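A.B. asks: The following block contains the structure, expressed as structure tokens.
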Amino acid sequence: EAGVVQSPRYKIIEKKQPVAFWCNPISGHNTLYWYLQNLGQGPELLIRYENEEAVDDSQLPKDRFSAERLKGVDSTLKIQPAELGDSAVYLCASSRTTSNPEQFFGPGTRLTVL
Amino acid sequence: DAKTTQPNSMESNEEEPVHLPCNHSTISGTDYIHWYRQLPSQGPEYVIHGLTSNVNNRMASLAIAEDRKSSTLILHRATLRDAAVYYCILLTSNTGKLIFGQGTTLQVKP
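So the sequences go chain by chain: S and G.
For the first sequence, the numbering used here begins at 98 and goes up steadily by one.
For the second sequence, the numbering used here begins at 2 and goes up steadily by one.
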């Protein structure tokens, strides 16, 4: 079974530029999560999708961050414009359902904003 | 959301058992105890979870105190590949919301 796929793995941009991250969850997994992980810290949830519906986006900074999960499969997380403080690893995870305890994480996208 | 407390770091020798402690004194009756680990440059990986009874799987064992205010993740024979950050997380059923702390960084010495 293929794992969660994320691309790109690394991204370097200048501040004020836009950036997008893509995630393909495990086939059949209805729930998709985006997390942000700063250096030396544990991941923090940004948004959770049930199929195509964002059911928890309370931690998503909506002034510059947006996300979508069209057709309830792949998802894209966008930052526009990026700031220096956005440098972090962006992790995508999926699970069969919200109530299923095991979340499967992708390798993450490491973003560096110069 | 209930919080957990873990030591910042621990060391172990290869092929010896490792006991990773976690305190969660404010745990509620519906909180499950989850453990994830994160190897360098990888995303977190599910290890084990439990509610009240001790649990075993191919990766580890989870020992839960009778009052549920603490738990211990047990790696029966540590290998170099077990060197990682281990996170103890309380998860309320049906929310799916993992709240990671800083975890315990486990070093395994050959």
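Cβ atoms here follow ideal geometry from the backbone N, Cα and C, with glycine treated the same way.
No experiment lies behind these values; they were computed from the predicted model shown.
#1: Distance check for residue 79 of chain G and residue 145 of chain S, CA to CA, integer angstroms please.
#2: Leaving aside the five residues before and after residue 51 of chain G along the sequence, list all residues of the same chain whose C-beta is less than 8 Å from its C-beta, in chain order.
#3: Between S/205, S/209, S/211, S/210, which has its C-alpha nearest residue 45 of chain G's C-alpha?
#4: Inspect the CB distances between the region 183-194 of chain S and the region 130-149 of chain S and report whether three or more fall short of 8 Å.
#5: If you count every other CB in all the chains shown that lies within 10 Å of the CB of residue 162 of chain G, and 16 or more means buried, which is it?
#6: Between which two residues does the beta strand (DSSP E) containing residue 60 of chain G stretch?
#7: Short of 9 Å Cβ to Cβ, which residues in the region 84-104 of chain G face chain S?
#8: Grouping DSSP H, G and I as helix and E and B as strand, with all else coil, what is residue 82 of chain G?
#9: Note down the Cα distance separating residue 98 of chain G from residue 152 of chain S, rounded to an integer number of angstroms.
#10: Which word fits residue 93 of chain S, buried or exposed, when buried means at least 16 other C-beta atoms lie within 10 angstroms of its C-beta?
#11: Could you list which residues in chain G have their beta carbon closer than 9 Å to that of residue 153 of chain S, in chain order?
#12: Give the secondary structure of residue 98 of chain G by DSSP, where H, G and I count as helix, E and B as strand, and everything else as coil.
C.D. replies: Reading it off the structure:
#1: On the first sequence, position 48 is the one that residue 145 of chain S refers to. On the second sequence, position 78 is the one that residue 79 of chain G refers to. Going by C-alpha positions, residue 145 of chain S is about 34 Å away from residue 79 of chain G.
#2: Against the second sequence, residue 51 of chain G aligns to sequence position 50. Answer for residue 51 of chain G: 33, 34, 63, 65, 72, listed in chain order.
#3: For this step, residue 45 of chain G is matched to residue 44 along the second sequence. Residue S/205 is the option with its Cα nearest to residue 45 of chain G.
#4: Using a C-beta cut-off of 8 Å, the region 183-194 of chain S makes contact with the region 130-149 of chain S, since at least three inter-stretch Cβ pairs fall below that distance.
#5: Residue 162 of chain G falls outside the range modelled here, since chain G spans only 2 to 111, and no answer is possible.
#6: Taking the second sequence and counting its residues from 1, one reaches residue 60 of chain G at position 59. Per DSSP, residue 60 of chain G lies in no beta strand (DSSP E) segment and is marked neither H nor E.
#7: Listed by position along the chain: 86, 88, 90, 92, 94, 95, 96, 97, 98, 99, 100, 101, 102, 103, 104.
#8: Taking the first residue of the second sequence as position 1, residue 82 of chain G is located at position 81. Three-state result, residue 82 of chain G: helix.
#9: Position 97 of the second sequence, counted from the first residue, corresponds to residue 98 of chain G. Position 55 of the first sequence, counted from the first residue, corresponds to residue 152 of chain S. Approximately 11 Å between the Cα atoms of the pair.
#10: No statement about residue 93 of chain S is possible, as the shown extent of chain S runs from 98 to 211 and does not include it.
#11: Taking the first residue of the first sequence as position 1, residue 153 of chain S is located at position 56. Under the 9 Å cutoff, chain G gives 96, 97, 98.
#12: Locating residue 98 of chain G in the second sequence gives position 97, where the first residue counts as 1. If DSSP states are grouped into helix, strand and coil, residue 98 of chain G belongs with coil.
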